[in-house]
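Here is the structure we will look at, set down as structure tokens.
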Amino acid sequence: MAQVNPKILVWARETAGLSEDEASKALKLGGSRLSGSETLGQYESGEKQLSRPLLLNMAKVYRRPLLTFYLQAPPRSGERGEDFRTIPEDRRIEEQGKLDALVRDVYVRQRLVKSALEDADEANELAFVGSLTSDLPIDMAKRKICEDLNFDLERFRKLRTVEDSFSYLRELTEARGVFVLLIGNLGTHHSNISADVFRGFALADRTSPFIVINDQDAKTAWSFTLLHELAHIYLGQTGISGGFSEIKIERYCNEIASQILLPREEISSQEFDSSNLESFIKDICRFAAARKISGSMVSYVLFLLGKVPKSKWIEASEKLQELWRKEKEGKKNSEKKGAPDYYVVRRHRVGSALVNLVGRSMGEGILTATKAAKVLGVSPGNVPAMVGMR
622 MAQVNPKILV
632 WARETAGLSE
642 DEASKALKLG
652 GSRLSGSETL
662 GQYESGEKQL
672 SRPLLLNMAK
682 VYRRPLLTFY
692 LQAPPRSGER
702 GEDFRTIPED
712 RRIEEQGKLD
722 ALVRDVYVRQ
732 RLVKSALEDA
742 DEANELAFVG
752 SLTSDLPIDM
762 AKRKICEDLN
772 FDLERFRKLR
782 TVEDSFSYLR
792 ELTEARGVFV
802 LLIGNLGTHH
812 SNISADVFRG
822 FALADRTSPF
832 IVINDQDAKT
842 AWSFTLLHEL
852 AHIYLGQTGI
862 SGGFSEIKIE
872 RYCNEIASQI
882 LLPREEISSQ
892 EFDSSNLESF
902 IKDICRFAAA
912 RKISGSMVSY
922 VLFLLGKVPK
932 SKWIEASEKL
942 QELWRKEKEG
952 KKNSEKKGAP
962 DYYVVRRHRV
972 GSALVNLVGR
982 SMGEGILTAT
992 KAAKVLGVSP
1002 GNVPAMVGMR
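Shown next, in the form of structure tokens:
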């Protein structure tokens, strides 16, 4: 078997977002003499030679084509677009491998979709992609997006749950030709990527734009993130977004998204007393719940309007995150008794636009089961049931 450069092994593991311990467990390495991470260390240092079966397993676990392992040296980092996030550098480095793997996976899916649309003669250029510039007044940008979507704020708010409201907004967005996916890990909960690291990702392709929303974030934040990423697509910008930021372009997209969901005249007349944190949070959460938005967004808008100081906005945001994590943990424990249907969950994550496209493309012989599985993020055997072909 041809020799593999040990540096390739280190690069493949790190860009898959795996620590030595995580990788060795996934590869089932180790025994009575050496731990799994010690055994992996021997392979990665060149002290021990790889067997063919282990190399095949690495290709599977690290989500890399087998040929990649025979490169002479690790390739340069792939394109992920602009990084609009403002997070501590140590946190950025800590999660870089997982995030790179997720973005790489999204690019692969998007290219397969683009190719399928081209083969079906459906790859029409979308005029709205890159149609706005950041010097356009926010009110005009907001109006343009709402008109294009045919978005009805009253209808959005009247729907029964926040999930229903998000689904309504998602359907309008997908009807415009944008694929909206919910992805917050690399396929298992062990690889979850916190919303503190990334909230959304926009891929501003002219024929098949993608929006990825981190589903590890609160559901009340999904609609805001969708509109924020859609604003990036209107600006023609591909990139990763984090939380509320004071970077100029991020603030511009935040303003568009927040003004669509919460018109300024509606909140400017409201009074919120932020002197007592507990009562302030109760008030903004009550106000937000009636409008199918997050309390964090309300506190951010109040800060933008100068109604609360920056320190109070940050304090409220941190407390809201803490309360949401506790609520999420409680729901996780109660849901263990009855898991939701596998296919319902998977379809919800990729969206009906993608499911329908894959179903059509397979029926016309454009996509193989293997490629369809990659687009949908499932195994080939699950594709027929996923797209309703059996």
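Quick note, the sequence shown lines up with residues 622 to 1011 if you use this note's numbering. Using N, Cα and C, we set each Cβ at its ideal position, and we do this for glycine too.
Classification of residue 652 by the beta-carbon crowding that lies within 10 angstroms, buried from 16 upward: Residue environment for residue 652: exposed (fewer than 16 other C-beta atoms within 10 angstroms of its C-beta).
Unbroken beta strand (DSSP E) run spanning residue 802, endpoints: Taken as a continuous stretch (DSSP letters only), the beta strand (DSSP E) holding residue 802 covers 800-803.
Count the other C-beta atoms from every protein chain shown that fall within 10 angstroms of the C-beta of residue 758, then say buried if there are 16 or more, exposed otherwise. Flag for residue 758 reads exposed.
Distance, Cα to Cα, residue 949 vs residue 969? Our two residues, residue 949 and residue 969, have alpha carbons roughly 19 Å apart in a direct line.
How many Å lie between residue 647 and residue 993 at the Cα? The C-alpha of residue 647 lies about 25 Å from the C-alpha of residue 993.
Counterpart residues of residue 834 in DSSP-defined beta bridges: According to DSSP, which records beta bridges pairwise, residue 834 is partnered with 803 and 821.
In terms of residues, what are the limits of the alpha helix (DSSP H) holding residue 658? Per DSSP, residue 658 belongs to the alpha helix (DSSP H) from 657-666.
If I'm right that residue 783 touches residue 851 with Cβ under 8 Å, what's the distance once you round it to whole angstroms? Actually they do not touch by this definition, with Cβ atoms about 18 Å apart.
Residue 878 vs residue 828 beta-carbon contact at 9 Å: Result no, Cβ atoms of residue 878 and residue 828 do not sit closer than 9 Å.
Assess contact between the stretch 893-905 and the stretch 916-935, defined as three or more Cβ pairs (one per stretch) separated by less than 8 Å. Is contact present? Segments in contact, yes.
Does the pairing of the stretch 625-641 with the stretch 683-695 give three or more beta-carbon distances under 8 Å? Yes: at least three Cβ pairs fall under 8 Å.
Minimum length 4: unbroken alpha helix (DSSP H) runs contained in the stretch 963-1002: Runs of the alpha helix (DSSP H) inside the stretch 963-1002: 963-971, 973-984 and 990-997.
Using the Cβ count rule (16 or more neighbours within 10 Å means buried), how would you classify residue 853? Taking every protein chain shown into account, the CB of residue 853 has 16 or more other CB atoms within 10 angstroms, so this residue is buried.
Near residue 777, what residues of its chain come up, given a Cβ to Cβ distance below 7 Å and the 5 sequence neighbours on each side ignored? Same-chain partners within the cutoff: 786, 789, 790 and 913.
Cut-off 7 Å between Cβ atoms - residues of its own chain near residue 738, not counting five sequence neighbours on either side: The residues are 744, 828 and 829.
Which residue from 943, 764, 627 and 952 puts its Cα closest to that of residue 676? Closest by alpha carbon: 627.
Quick one: what does DSSP say residue 888 is sitting in, helix, strand or coil? Of the three classes helix, strand and coil, the one that applies to residue 888 here is helix, per DSSP.
In terms of residues, what are the limits of the alpha helix (DSSP H) holding residue 629? That run of the alpha helix (DSSP H) goes 627-636.
Taking 9 Å as the threshold (C-beta atoms), are residue 863 and residue 938 in contact? The answer is no: Cβ separation not under 9 Å.
I want to know whether the stretch 744-755 touches the stretch 801-820 - three or more CB-CB distances under 8 Å. Not touching, per the Cβ criterion.
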